[in-house]
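Residue numbers (my numbering), protein chains in the order written: chain L, 42 to 155; chain B, 725 to 838.
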């Protein structure tokens, strides 16, 4: 069975400092992994995806994530936080078969302080 | 382009009352449709998915049901709401065989059961 665990429910950073949102996954096969962002009162937006190509994945808004099979991790990073990055972030893995069946982590709330 | 209409955006219902949330999709044909729920402080959980008219698969046992009376209409229902049904409900659409990052989400319905 597939699952994802987001290790922090809440992360607080100062504007201009690096962001690290941690995600570990469990999968019995080579997974497809994603990071989604959800801003208040808005829908989900795909940040980036990993689908067994390059292990370092670059996404929108300066975010990137590295797939580490040995550590079963897919942490999301950004060199310099912006106030507009404050949102809820979800690490997601797909289930086998129907590709719309996503398994979401519990979410990490990113707070960016001025 | 694809659009998902979900209504209402917010809903407050008493315990024991019925529920009907509607989702309609525009700009695509024969999509797979999904209902996800996000409980407070938790990630999204897949409730139902449908690969065609009248075809519904339930992912978790619960107080809710789903129906797909038309190709681009997906309805989430309950005969008697429970407190535990409170949450944020998202409808999503994905063309068959499309890669999972193409999953398209609606803007959601915030349901509060009091």
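All residues carry an ideal CB built from backbone N, CA and C; glycine is no exception.
Predicted, not measured: the structure shown is a model, and the values here were computed from it.
Take every Cβ of the stretch 746 to 756 of chain B, pair it with every Cβ of the stretch 796 to 806 of chain B, and state whether three or more of those distances are shorter than 8 Å.
-> Cβ pair count under 8 Å is three or more, so yes.
Under 7 Å from the C-beta of residue 142 of chain L: neighbouring residues of chain B = Going along chain B in sequence order, the residues near residue 142 of chain L (Cβ under 7 Å) are 770 and 773.
Please confirm if residue 785 of chain B has its CB atom under 8 Å from at least one CB of chain L.
-> No - not a single Cβ of chain L is within 8 Å of the one on residue 785 of chain B.
For residue 782 of chain B, verify whether its CB is less than 7 Å away from any heavy atom of the ligand FAD.
-> As far as ligands go, the structure on display features none, and thus does not contain the ligand FAD.
Would you list, in sequence order, the uninterrupted beta strand (DSSP E) runs of no fewer than 3 residues that lie entirely inside the stretch 754 to 797 of chain B?
-> Within the stretch 754 to 797 of chain B, the complete beta strand (DSSP E) runs of at least 3 residues are 756 to 762, 768 to 776, 779 to 782 and 789 to 794.
Can you grab the Cα-Cα spacing for the pair residue 782 of chain B / residue 55 of chain L, in whole Å?
-> Rounded to whole angstroms, the gap between the alpha carbons of residue 782 of chain B and residue 55 of chain L is 43 Å.
Residue 84 of chain L and residue 756 of chain B closer than 8 Å at C-beta = It is not a contact, given that the beta carbons lie outside the stated cut-off.
Alpha carbon to alpha carbon, how far is residue 754 of chain B from residue 835 of chain B?
-> Computed Cα separation, rounded: 28 Å.
Pair within 8 Å by beta-carbon distance, residue 759 of chain B and residue 815 of chain B = With respect to residue 815 of chain B, residue 759 of chain B sits close: the two C-beta atoms are nearer than 8 Å.
Pick helix, strand or coil for residue 125 of chain L, following the three-state DSSP scheme.
-> Residue 125 of chain L carries a helical assignment under DSSP once its states are collapsed to helix, strand and coil.
Identity of the residue in B/824, B/807 and B/800 nearest residue 91 of chain L by Cα = Between residue 91 of chain L and the set B/824, B/807 and B/800, the nearest pair of CA atoms involves B/824.
With 8 Å as the threshold, decide whether the Cβ of residue 750 of chain B is near any Cβ in chain L.
-> No, its Cβ sits nowhere closer than 8 Å to a Cβ of chain L.
Taking C-alpha atoms, which residue in L/53, L/44 and L/42 lies nearest to residue 126 of chain L?
-> Of all alpha-carbon atoms in L/53, L/44 and L/42, the one lying nearest the alpha-carbon of residue 126 of chain L is that of L/53.
Kindly indicate the opening and closing residues of the beta strand (DSSP E) around residue 729 of chain B.
-> Element bounds for residue 729 of chain B: 727 to 731.
Residue 103 of chain L in three-state terms, based on DSSP = In the structure shown, residue 103 of chain L sits in a helix (DSSP, three-state: H, G or I).
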